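Under our numbering, read the sequence shown as residues 1 to 322, first letter to last.
Glycine included, C-beta positions come from ideal geometry on N, C-alpha and C.
Treat the numbers as computed from the prediction; the structure is a model and nothing was measured.
Reading through the structure tokens given below for one structure.
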Amino acid sequence: MEPSRIHFDKIDWEDRSFEIRGFHENTLLQASLTRFGILEPPWVCARHEKYLIVDGFKRLQWARENGAEAADLLLLPEALSTREIWERRIGKKLFEHGPGSAEKVRIAAVLLDLYPAGDIPGHFLSALNLPPRRDVLEKWAHLQLDGAVTLEILGSGEIADRAALETSTWERESRVAILGILRGLRCSASIQVEIVERIYEISLREERPLSELLNDPALREILSDGKVNHRRKTQALRDLLTRLRYPRLSRRQRQCEKNIEELALPHSVRIIPPPAFEGDGWRLELSFSNTLELRNALASAGSLIEPDRLGWILSPELEEQR
Numbered sequence: 001m002e003p004s005r006i007h008f009d010k011i012d013w014e015d016r017s018f019e020i021r022g023f024h025e026n027t028l029l030q031a032s033l034t035r036f037g038i039l040e041p042p043w044v045c046a047r048h049e050k051y052l053i054v055d056g057f058k059r060l061q062w063a064r065e066n067g068a069e070a071a072d073l074l075l076l077p078e079a080l081s082t083r084e085i086w087e088r089r090i091g092k093k094l095f096e097h098g099p100g101s102a103e104k105v106r107i108a109a110v111l112l113d114l115y116p117a118g119d120i121p122g123h124f125l126s127a128l129n130l131p132p133r134r135d136v137l138e139k140w141a142h143l144q145l146d147g148a149v150t151l152e153i154l155g156s157g158e159i160a161d162r163a164a165l166e167t168s169t170w171e172r173e174s175r176v177a178i179l180g181i182l183r184g185l186r187c188s189a190s191i192q193v194e195i196v197e198r199i200y201e202i203s204l205r206e207e208r209p210l211s212e213l214l215n216d217p218a219l220r221e222i223l224s225d226g227k228v229n230h231r232r233k234t235q236a237l238r239d240l241l242t243r244l245r246y247p248r249l250s251r252r253q254r255q256c257e258k259n260i261e262e263l264a265l266p267h268s269v270r271i272i273p274p275p276a277f278e279g280d281g282w283r284l285e286l287s288f289s290n291t292l293e294l295r296n297a298l299a300s301a302g303s304l305i306e307p308d309r310l311g312w313i314l315s316p317e318l319e320e321q322r
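See the structure below:
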């Protein structure tokens, strides 16, 4: 198709039906426009005596703001249906670059509107890195219902896809709150998912609304502490959520640590409990750099077999009787 010169007063600037907004500033595009102008003609289609923008919203807005009154645009054939236009639009977006999370939300919603169950083209799903399951698309599309608030957070690129998806069944207020928390913590994708899952599990276990849990005083105190960096804040939050999710295990762990500390062992001797205190596979770890240190470590370790020195640690029921 050859570009056509189209005056800007023929464009419906209010209709953004075909927009796939990323909610982030594209600095590379702005730099290119400033230096070279529009290199690739935007796409438009004719609708109701006006032209609708299909692709190139930012480029055309830049031209308009810089005093242009017309531009060379690619006019899509009038015979194309809405679905065919979207297929071209989505295809161009997906295969130019990987879409961000906010763009993925929009594309998922469009695909659900355009195609019946099972008919969504596989090449779109693979480009989106999504399984051929309608329920997954529906979870992504559901995030669009929050409007710009959630999409702006997702557009920051600081929220892992899976973490965002895990919140799709949450009510809006809680979803916006947890996504804001994750963005502030700047933690890894796996830790984001852990935090979301842990909060949801606690909510179910304690039968507490998510909104109430997210406003728990202990949780808010951690998040509002301006004296620690985001890594320490993240770890403090994880520790709190672990205590809330597994209260008995947490109490057992704290008591064990206290009892081991009371033994006053040197740093070269460590007592390591079995994972989650399940089973009886306790470990004793010695560290040394010469024979003298080894002899001292063995002596300290040997003293542990004296009566009752390990009883409180190995048998929590004895601690309850203490």
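With DSSP as the reference, please indicate the residues paired to residue i in a beta bridge.
i, result
"Arg-47", "Lys-50"
"Ile-6", "Ala-71"
"Glu-103", "Per DSSP, none; premise fails for Glu-103."
"Ile-11", "Tyr-51"
Report the rounded CA-to-CA distance for residue i versus residue j, giving the unit in angstroms.
i, j, result
"Cys-45", "Leu-80", "9 Å"
"Ser-250", "Pro-273", "13 Å"
"Arg-88", "Pro-217", "50 Å"
"Glu-14", "Gly-67", "18 Å"
"Glu-262", "Ile-195", "33 Å"
"Gly-155", "Leu-182", "13 Å"
"Leu-281", "Glu-293", "Looking at the sequence shown, residue 281 is not Leu but Gly. Straight-line Cα distance between these residues: approximately 26 Å."
"Glu-49", "Ile-38", "25 Å"
"Arg-162", "Asn-296", "50 Å"
"Arg-208", "Ile-202", "8 Å"
"Lys-258", "Leu-304", "16 Å"
"His-7", "His-123", "36 Å"
"Gln-321", "Glu-278", "Confidence at Gln-321 is low in this model, with a pLDDT of 45, below 50, so its placement is unreliable and the value that follows should be read with caution. Looking at the two C-alpha atoms, the distance is approximately 21 Å."
"Ser-300", "Val-269", "7 Å"
"Ser-126", "Gly-22", "19 Å"
"Leu-128", "Ser-17", "21 Å"
"Leu-74", "Glu-40", "9 Å"
"Gly-56", "Gly-180", "30 Å"
"Thr-150", "Glu-19", "17 Å"
"Arg-64", "Ile-11", "11 Å"
"Val-95", "Asp-9", "With the sequence shown as reference, residue 95 is identified as Phe, and Val is not the correct amino acid for it. Straight-line Cα distance between these residues: approximately 31 Å."
"Ser-247", "Ala-148", "The question names Ser, yet the displayed sequence has Pro at residue 247. When rounded, the distance between both Cα atoms is 38 Å."
"Thr-82", "Leu-52", "12 Å"
"Gln-192", "Ser-4", "48 Å"
"Ser-190", "Glu-78", "47 Å"
"Ser-315", "Ala-117", "57 Å"
"Gly-226", "Val-176", "22 Å"
"Leu-204", "Arg-172", "18 Å"
"Leu-60", "Phe-36", "14 Å"
"Trp-331", "Ile-153", "No information on residue 331 is available, as it lies outside the stretch 1 to 322 that the chain covers here."
"Ala-276", "Asp-135", "35 Å"
"Arg-133", "Ile-159", "22 Å"
"Ala-236", "Leu-284", "28 Å"
"Thr-323", "Arg-220", "For residue 323 there is no data in the structure shown, the boundaries of the chain being 1 and 322."
Three-state secondary structure (DSSP) at residue i?
i, result
"Gln-321", "Because Gln-321 carries a pLDDT of 45, less than 50, the predicted location of this residue cannot be relied on, and no value is offered for it."
"Ser-284", "It is worth fixing the name first, because residue 284 is Leu in this sequence and not Ser. Correct three-state label for Leu-284: strand."
"Asp-225", "coil"
"Arg-270", "strand"
"Ala-299", "helix"
"Asp-119", "coil"
"Trp-140", "helix"
"Phe-18", "coil"
"Cys-187", "coil"
"Ser-315", "coil"
"Thr-34", "helix"
"Lys-233", "helix"
"Thr-169", "coil"
"Leu-28", "helix"
"Phe-95", "helix"
"Glu-306", "coil"
"Glu-152", "helix"
"Arg-133", "coil"
"Ala-77", "According to the sequence shown, residue 77 is Pro rather than Ala. Pro-77 falls in the coil class under three-state DSSP."
"Glu-262", "helix"
"Pro-42", "coil"
"Leu-128", "coil"
"Glu-278", "coil"
"Phe-23", "coil"
"Glu-87", "helix"
"Ile-159", "coil"
Under 7 Å between C-beta atoms, does residue i make it to chain D?
i, result
"Pro-247", "The structure shown contains no chain D; it is built from a single protein chain."
Assess, as a yes-or-no matter, whether the segment 207 to 214 is touched by the segment 182 to 198 under the definition of 3 or more beta carbon pairs within less than 8 Å. Put simply, the segment 182 to 198 does not touch the segment 207 to 214. Fewer than three CB pairs are less than 8 Å apart.
Should the segment 27 to 36 be called in touch with the segment 88 to 100, which here means at least 3 C-beta pairs below 8 Å? These segments do not touch.
Do the segment 158 to 174 and the segment 195 to 204 make contact, defined as three or more Cβ pairs closer than 8 Å? Here the segment 158 to 174 makes contact with the segment 195 to 204; the two share three or more CB pairs at distances below 8 Å.
Using 8 Å as the cut-off, can you tell me whether the segment 104 to 116 makes contact with the segment 133 to 145, which would need three or more C-beta pairs spanning the two stretches below that distance? Taking a cut-off of 8 Å on C-beta distances, the segment 104 to 116 touches the segment 133 to 145, as three or more cross pairs fall below it.
Does the segment 282 to 292 come close enough to the segment 241 to 248 that 3 or more CB-CB pairs lie under 8 Å? With fewer than three CB-CB distances shorter than 8 Å, the segment 241 to 248 does not count as touching the segment 282 to 292.
Contact between the segment 253 to 269 and the segment 299 to 314: three or more CB pairs below 8 Å? Using a Cβ-Cβ distance cut-off of 8 Å, the segment 253 to 269 and the segment 299 to 314 are in contact, since at least three pairs of beta carbons, one from each stretch, lie closer than that value.
Go through the segment 190 to 220 residue by residue and report every complete run of the alpha helix (DSSP H) that reaches 4 residues or more, in order. For the segment 190 to 220, whole alpha helix (DSSP H) runs of length 4 or above, ordered along the chain, are 210 to 214.
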